[in-house]
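Chains as they are written, first to last, in my numbering: chain R, 106 to 424; chain B, 471 to 795.
Note that CB positions come from ideal geometry on N, CA and C, so glycine has one too.
It should be emphasised that the depicted structure is a prediction, and the values quoted were computed from it without experimental measurement.
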């Protein structure tokens, strides 16, 4: 999958010997797909900006502890509610780039740690929900009959009421925690994947290559995993990027309600919840910065999702 | 037609059974719910008595049937803190929540449709680009954060609009006091604007994008070509010919929209100290008053299912094609 400069330029097959080389033709195809993607991202400008933001956020999430200047939970009541961008006159440096909260904790460091939770929860919930949904969708689409009926009726029930409310209730009963949060958010996700995968599976099932595999004696499991699955996965990447965005938003709301993770773990939504009490006192920075971080991340994911959708299906462009 | 209605009704009943079952299971998820009802220092005997009194010693299927039986008679259980029927607490707060939800819905629809149309008409121009970027932004902002920003800048800095408090409109109206209701209306709306924007901005943005794309799709159809070649004015083509078909996906979403908005309401009410069900649920969360949360969840789901059923039934009248699916 290297699309870097030292790989040979893809050449369209012009004579018989090149056409015969099926294997290299396939390689030409993958190369050009990556190359097309790269060019399309750069040409679109916004997707490029979004990608850079996402990479930066991911970097912060992974290397947070070594980047954050202070312990996110170190409090110091003398330094409480320091405004941002204040230059320390004694040392000439900036002690708290984004100010401190009501307990004197460094907002900048807390936000870097907060990126971890938001991004980890977002990716984990979508991965788990995506896997459950894809397996359910493949099974429903491939086997049909009773399996299909049961899975799709379950999906209908879940779609027929505001699931977020049940999420709230489950978290109240089980208590806040990253694990519980991920599981509940993942369960909220699976239906979308199941429906889309089921739809594509039903149409792929009748294709000749599946019949060929069956004639060769391949088991159902093998056909589903090796023949059908690779052909239904593309649209899922689009849904997944939108869903990571919406999970991050939901996680922020739940943390804001005090249902996300325990208060000792810094999260963007959690800092916003604490900012509510300081708002009337004029400590605007507590409310502004974490919100901007959430917005930038979610916006970037949405822009990437849009780009990916257009890229995979150019007919949808400008719609 | 009747077959369709029958099928939809059966489906709704199934969903409601599913929701109540899920809510019931959730209550038992953390173990024996008796411990929620007794004090931490309760003796062994007191716990056993309470378990018997509350019926938690019965087999689970029997408990579920009792729960359903209670629901059918309007008995949703008692609140742990207030020691009152939860349903009364929730119903007391419901009008304020419905006001906010419907206000947000009206705001979202009345703005989204013209914005979407204008954007589609000016496709590819700076206006279109700007509007779509704003819409993208609106879908990426956490609603409650927008609420906090509105409190901070519109409420506290500019002092343009109230940032908390609620003037009842629906409640006097429901009690038949029409003159009070409409006397309250101007003030009620002033108090609704900021929370309404907070709740509605996401669906406003999504609907504007949806109207735009659906408009573009319809405008490329043959019958629009025909209308154009007849020499009709563009205005007539868009508003009379295209709009009707372009709005179909929006109408389908109105019922679902309600559920979306409701979930935003819980957080928005917390930001603006709105005396609705959301704030009640928020307080119940903090006090771990699970029966109260459970009642709110079940009641909201009922409302949601009922509203969707009504929308679907009206919808069949508007678009006969649905019946055949």
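Would you please verify whether the beta carbon of residue i is less than 7 Å from any beta carbon of chain R?
i                      : result
residue 747 of chain B : no
residue 576 of chain B : no
residue 591 of chain B : no
residue 602 of chain B : no
residue 496 of chain B : yes
residue 489 of chain B : yes
residue 614 of chain B : yes
residue 606 of chain B : yes
residue 729 of chain B : yes
residue 631 of chain B : no
residue 546 of chain B : no
residue 763 of chain B : yes
Return the CA-CA distance between residue i and residue j, expressed in angstroms with no decimal places.
i                      : j                      : result
residue 411 of chain B : residue 528 of chain B : Given a span of 471 to 795 for chain B in the structure shown, any question on residue 411 of chain B remains unanswerable.
residue 554 of chain B : residue 504 of chain B : 17 Å
residue 275 of chain R : residue 287 of chain R : 12 Å
residue 783 of chain B : residue 501 of chain B : 41 Å
residue 557 of chain B : residue 749 of chain B : 15 Å
residue 629 of chain B : residue 621 of chain B : 9 Å
residue 416 of chain R : residue 169 of chain R : 32 Å
residue 569 of chain B : residue 671 of chain B : 16 Å
residue 145 of chain R : residue 541 of chain B : 57 Å
residue 546 of chain B : residue 773 of chain B : 15 Å
residue 715 of chain B : residue 409 of chain R : 30 Å
residue 163 of chain R : residue 220 of chain R : 8 Å
residue 710 of chain B : residue 703 of chain B : 10 Å
residue 147 of chain R : residue 153 of chain R : 6 Å
residue 771 of chain B : residue 660 of chain B : 29 Å
residue 511 of chain B : residue 521 of chain B : 15 Å
residue 532 of chain B : residue 478 of chain B : 28 Å
residue 313 of chain R : residue 591 of chain B : 44 Å
residue 414 of chain R : residue 361 of chain R : 31 Å
residue 117 of chain R : residue 269 of chain R : Note that residue 117 of chain R has pLDDT 49, beneath the 50 cutoff, so the model's placement of it is unreliable and no number is given.
residue 230 of chain R : residue 699 of chain B : 52 Å
residue 341 of chain R : residue 299 of chain R : 10 Å
residue 405 of chain R : residue 730 of chain B : 22 Å
In this structure, does DSSP put residue i in helix, strand or coil?
i                      : result
residue 555 of chain B : strand
residue 765 of chain B : helix
residue 415 of chain R : helix
residue 432 of chain B : Because chain B spans 471 through 795 in this model, residue 432 of chain B falls outside it and cannot be assessed.
residue 355 of chain R : helix
residue 261 of chain R : helix
residue 562 of chain B : helix
residue 205 of chain R : strand
residue 211 of chain R : strand
residue 659 of chain B : helix
residue 253 of chain R : helix
residue 639 of chain B : coil
residue 725 of chain B : helix
residue 145 of chain R : helix
residue 614 of chain B : helix
residue 180 of chain R : coil
Are the C-beta atoms of residue i and some chain B residue less than 7 Å apart?
i                      : result
residue 410 of chain R : no
residue 106 of chain R : Bear in mind that the predicted position of residue 106 of chain R carries a pLDDT of just 40, short of 50, making it too unreliable to give a figure here.
residue 275 of chain R : yes
residue 228 of chain R : no
residue 220 of chain R : no
residue 357 of chain R : yes
residue 129 of chain R : Confidence is the limiting factor: at residue 129 of chain R the pLDDT is only 47, short of 50, which leaves the residue's position unreliable and the question unanswerable from this model.
Give every residue of the same chain whose Cβ lies closer than 6 Å to the Cβ of residue i, excluding the five residues on either side of it in the sequence, and list them in chain order.
i                      : result
residue 127 of chain R : For residue 127 of chain R, the pLDDT reaches just 44, beneath the cut-off of 50, and the residue's location in the model is therefore unreliable, although a value from the coordinates is still provided. Around residue 127 of chain R: no qualifying Cβ.
residue 210 of chain R : 180
residue 151 of chain R : 408
residue 318 of chain R : 328, 332
residue 256 of chain R : 241, 245
Using a Cβ-Cβ distance under 7 Å, would residue i count as near chain D?
i                      : result
residue 737 of chain B : Here the protein chains are R and B, and chain D is not one of them.
Which same chain residues end up closer than 7 Å to residue i when comparing Cβ atoms and leaving out the 5 residues on each side of it in sequence?
i                      : result
residue 650 of chain B : 642
residue 759 of chain B : 549, 550, 551
residue 131 of chain R : Caution is warranted here: a pLDDT of 47 is assigned to residue 131 of chain R, below 50, making its placement in the model unreliable, and the coordinate value is therefore given only provisionally. Cβ within range, chain order: n/a, list empty.
residue 225 of chain R : 166
residue 727 of chain B : 575, 673
residue 370 of chain R : 222
In its own chain, which residues sit with a C-beta less than 8 Å from the C-beta of residue i, not counting the 5 before and 5 after it?
i                      : result
residue 680 of chain B : 582, 586, 719, 720, 723
residue 264 of chain R : 296
Report task. Please specify which runs of the alpha helix (DSSP H), each continuous and at least 4 residues long, are wholly inside the segment 475 to 509 of chain B, giving them in chain order. Result -> Listed in chain order, they are 504 to 507.
Query - Residue ranges of each alpha helix (DSSP H) within the segment 506 to 537 of chain B, 4 or longer - result: Segments of the alpha helix (DSSP H) lying fully in the segment 506 to 537 of chain B: 514 to 524.
Requested in this report: Could I get the ranges of all uninterrupted alpha helix (DSSP H) runs contained in the segment 343 to 393 of chain R, with 4 residues as the minimum, in chain order?
Outcome: Entirely contained in the segment 343 to 393 of chain R, the alpha helix (DSSP H) runs reaching 4 residues are, in chain order, 373 to 384.
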